[in-house]
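In my numbering, the protein residues as written are 2 to 48. Backbone N, C-alpha and C fix where the C-beta goes; we use that ideal spot for every residue, glycine too. The structure displayed is predicted, hence computed values, not measured ones.
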């Protein structure tokens with residue numbers, strides 16, 4: 002989880018093959034932080 006709309010760290014780590022191909026990014030535009038419930042929901046959707 003990265004508080005950055007474009008997911009810069011995710012794309013960097015994915016490009017360096019430091020993440021598995023199945024890795025997904027959770028991002029939101031704007032200044033509002035991701036809420037814990039949103040993170041839990043995203044993890045449950047992938048599992």
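| Asked | Found |
| --- | --- |
| Specify the secondary structure class of residue 39 as computed by DSSP and reduced to three states. | helix |
| Please classify residue 6: does DSSP put it in a helix, a strand, or coil? | coil |
| Using three-state DSSP, classify residue 17 as helix, strand or coil. | coil |
| Excluding sequence positions up to five away, which residues of its chain have a Cβ less than 7 Å from the Cβ of residue 38? | none |
| Residue 26 and residue 3: beta carbons closer than 9 Å? | yes |
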